[in-house]
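Note sheet for the following structure.
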Amino acid sequence: MRLSCQLRRALALAAFALAGLAHADIKVGIDLSSTGPAAAIGITSKNAILMWPATIAGQKAQYIVLNDGTDPGAAVANIRKLIDEDHVDVIVGPNITPAALAALDPVARAQTPMITLVGSGSVVEPQEGNRIWAFKMAQTDAAMADVMTRYMSNHGVKTVGFIGFADSYGESWLKEFTKFAELRHISLVATERFNRNDASVTGQVLRLMAAKPDAVLIAGAGTPAVLPQRTLVERGFKGPIYQTHGIATPEFIKLGGKDVEGTLFPTQPVVVARTLPADHPAKKAAMAFVDAYEAKYGAGTVTQFAGDAAGVYPRLQDAVGRALKAAQPGTVQFRVALREALEQAHEVVVPNGVVNTSAKDHVGLDRRASVMGVIKGGKFVYLSQ
């Protein structure tokens, strides 16, 4: 009888433990640049994340948000804390390329999937080694360079001067732009670099203008990308100025003012949602997010980065539901299953497009996620596909 009681007690304790495990929270660790040069990107990403529901695929979710101050070293420290101390099931972020690249080692070592909010494809390409644990929400630089150079070619641009961040973001853009420019017989006649915190780029701009390009491409992100454009305008450059998808924040327009009017840039549907053609395949999802975001944060506040962050939730909703069939949150088995589920998305609609991932493609966006825009009347406006 005593053994039977002990057995019943053990079984009851085991059942209680299993019940607790079955209802384990999903822990999402989030690293963003909410201060520093990339704050305009990080803040809007955080705003969108604060709109996420309290559950994912029916499981209660814990969202742990940390700020890296636009410092790759701080980002890695944050991610290690989230993994080692908070025992998160997935990392969201970082939102600057150098930080995301630096985070590849710790997430791979911990077998924890990471959904980044960066623009550069270098974080997920090629899909081998540590990169198999990384995913990306934003359209690739290659896809953006494709739509941009197509537009340039169609509008008579034959020569381009380039000035980009002196980091992995600028290098990625130079690589991809050069590839598609050559394809469309556009010559790169001058190449310059600048830092995110530079106070002057006069020397670089004068060298660009001396090369007499038809157009200039500035490969920067957030408000630091205003400086080269303002300097070009002040020095009398009259050709078209192109920027990358990294500028799509209200702060860029506010800081740039009249100097950024007419800027041409590739972007994703959320940024120009209200002016998208009615038949654009992403318009419905983009407008639903824009309406909800602007109802909470004010008219004209939405950004591509907010749209990317919002898109993480449907990606998790889709993948977590399938990963739960293999294991429970809080285990390495669940993290492995979640990585595999994220890799197998099929027609998952997000505000910035439609996602179809595979073992070779951890972005999964097609041309439905790439459009050209222009700054007109102080607003981001749809221009063409």
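Going letter by letter, the sequence shown gives residues -24 to -1, 1 to 361 in mature numbering (1 follows the signal peptide of the UniProt record, and there is no 0). Note that CB positions come from ideal geometry on N, CA and C, so glycine has one too. Remember, predicted model here, so these are calculated numbers, not experimental data.
query: Around the Cβ of residue 98, are there at least 16 other Cβ atoms within 10 angstroms (buried) or fewer (exposed)?
result: By the neighbour-count rule (16 or more Cβ atoms within 10 Å), residue 98 is buried.
field: Own chain residues within Cβ distance below 7 angstroms of residue 199, not counting five before or after
entry: The answer, listed in chain order, is 16, 227, 228, 231.
- request: State the Cα-Cα distance for the pair residue 62 and residue 245, rounded to the nearest angstrom.
  value: Taking the straight line joining both Cα atoms gives about 35 angstroms.
- request: Name the residue from 235, 272, 65, 276 whose alpha carbon lies nearest to the alpha carbon of residue 250.
  value: Of 235, 272, 65, 276, the residue nearest in Cα terms is 276.
- prompt: Should the region 39 to 59 be called in touch with the region 214 to 225, which here means at least 3 C-beta pairs below 8 angstroms?
  reply: Cβ pair count under 8 angstroms is below three, so no.
query: Any idea what DSSP makes of residue 87, helix, strand or coil?
result: In the three-state reduction of the DSSP assignment, residue 87 falls in the coil class, being assigned neither a helical nor a strand state.
query: Are the region 113 to 133 and the region 166 to 182 in contact at 8 angstroms, needing three or more beta carbon pairs?
result: In short, these stretches do not touch, since the Cβ pair count stays below three.
query: Since residue 164 sits in a beta bridge, which residues does DSSP pair it with?
result: Looking at the DSSP assignment, residue 164 forms a beta bridge with 136.
query: Which residues mark the beginning and the end of the beta strand (DSSP E) in which residue 122 is found?
result: The continuous stretches of beta strand (DSSP E) do not include residue 122, which lies in the alpha helix (DSSP H) extending over residues 117 to 130.
field: Among 139, 332, 158, 24, the one whose alpha carbon lies nearest that of residue 93
entry: That would be 24, whose Cα lies nearest to the Cα of residue 93.
- request: Could you please give the first and the last residue of the uninterrupted alpha helix (DSSP H) stretch that includes residue 226?
  value: Per DSSP, residue 226 is one residue of the alpha helix (DSSP H) stretching across 226 to 232.
- request: Within the same chain, show all residues whose beta-carbon is closer than 8 angstroms to that of residue 264, passing over the 5 residues directly before and after it, in chain order.
  value: Closer than 8 angstroms at the Cβ level, and outside the excluded window around residue 264, lie 327.
query: Which residue's Cα is closest to the Cα of residue 140: 260, 172, 109?
result: Of 260, 172, 109, the smallest CA-CA separation from residue 140 is found for 172.
query: What separation, rounded to the nearest whole angstrom, lies between the Cα atoms of residue 111 and residue 45?
result: Rounded to the nearest angstrom, the two C-alpha atoms are 22 angstroms apart.
- prompt: Would residue 274 be called buried (16 or more neighbouring beta carbons within 10 Å of its own) or exposed?
  reply: Result: exposed.
field: Beta carbon of residue 335 nearer than 8 angstroms to that of residue 319
entry: Yes.
- prompt: How would you call residue 29, buried or exposed, if buried means at least 16 neighbouring beta carbons within 10 angstroms?
  reply: Only exposed fits residue 29, as fewer than 16 other CB atoms lie within 10 angstroms of its CB.
field: residue 23 (DSSP reduced to helix, strand or coil)
entry: Note: residue 23 maps to helix in three-state DSSP.
task: Could you name the residues of the same chain whose beta carbon sits closer than 6 angstroms to that of residue 152, not counting the 5 residues immediately before and after it, in chain order?
output: Contacts found: 117, 118, 121.
Endpoints, the alpha helix (DSSP H) within which residue 203 is located: Per DSSP, the continuous alpha helix (DSSP H) segment holding residue 203 begins and ends at 202 to 210.
message: For the structure I just gave you, are there three or more beta carbon pairs, one from the region 182 to 190 and one from the region 205 to 214, closer than 8 angstroms?
response: Touching, per the Cβ criterion.
- request: Please work out which residues of its chain come closer than 7 angstroms, Cβ to Cβ, to residue 340, disregarding the five sequence neighbours upstream and downstream, and give them in chain order.
  value: Within the same chain, 321, 331, 332, 333 come within 7 angstroms of residue 340 by CB-CB distance, once the 5 residues on both sides are set aside.
- request: Within its chain, find whatever has a CB closer than 6 angstroms to the CB of residue 396; leave out the 5 residues flanking it on each side and keep chain order.
  value: Here the chain covers residues -24 to 361 and nothing more, so residue 396 does not appear.
query: Within this structure, are the beta carbons of residue 192 and residue 208 separated by less than 8 angstroms?
result: Yes, the pair counts as a contact, with Cβ atoms nearer than the cut-off.
message: Using 8 angstroms as the threshold, is the C-beta distance between residue 5 and residue 91 below it?
response: Contact flag unset, no.
Distance between residue 325 and residue 241 (C-alpha atoms, nearest Å): For residue 241 and residue 325, the distance between alpha carbons rounds to 24 angstroms.
field: Residues bridged to residue 170 [DSSP beta-bridge criterion]
entry: Answer is 141.
- request: Reducing DSSP to helix, strand and coil, say where residue 362 ends up.
  value: The question about residue 362 has no answer here: the residues shown for the chain are numbered -24 through 361.
message: So the candidates are 95, 83, 13; which of them puts its Cα closest to the Cα of residue 73?
response: The closest CA to that of residue 73, considering only 95, 83, 13, is found on 95.
- request: To the nearest angstrom, report how far apart residue 49 and residue 12 are at their CA atoms.
  value: The alpha-carbon separation between residue 49 and residue 12 amounts to approximately 13 angstroms.
message: Measuring straight from C-alpha to C-alpha, what distance separates residue 294 and residue 304?
response: If you take the alpha carbons of residue 294 and residue 304, they lie about 16 angstroms apart.
field: Collapsed DSSP secondary structure at residue 153 in the structure displayed
entry: DSSP places residue 153 in helix when its eight states are reduced to three.
- prompt: Taking Cβ to Cβ, would you say residue 262 is nearer than 8 angstroms to residue 252?
  reply: Against a cut-off of 8 angstroms, the Cβ pair of residue 252 and residue 262 comes out as a contact.
- prompt: Helix or strand or just coil, what does DSSP make of residue 260?
  reply: Correct three-state label for residue 260: helix.
query: Among residues of its own chain, excluding the 5 on either side of residue 288, which ones have a beta-carbon nearer than 7 angstroms to its beta-carbon?
result: Setting aside the 5 residues that flank it on each side, residue 288 is surrounded in the same chain by 68, 91, 113, each with a C-beta closer than 7 angstroms to its C-beta; the list follows chain order.
message: From the DSSP secondary-structure annotation, give me the bridge partner or partners of residue 110.
response: In DSSP, residue 110 forms a bridge with 90.
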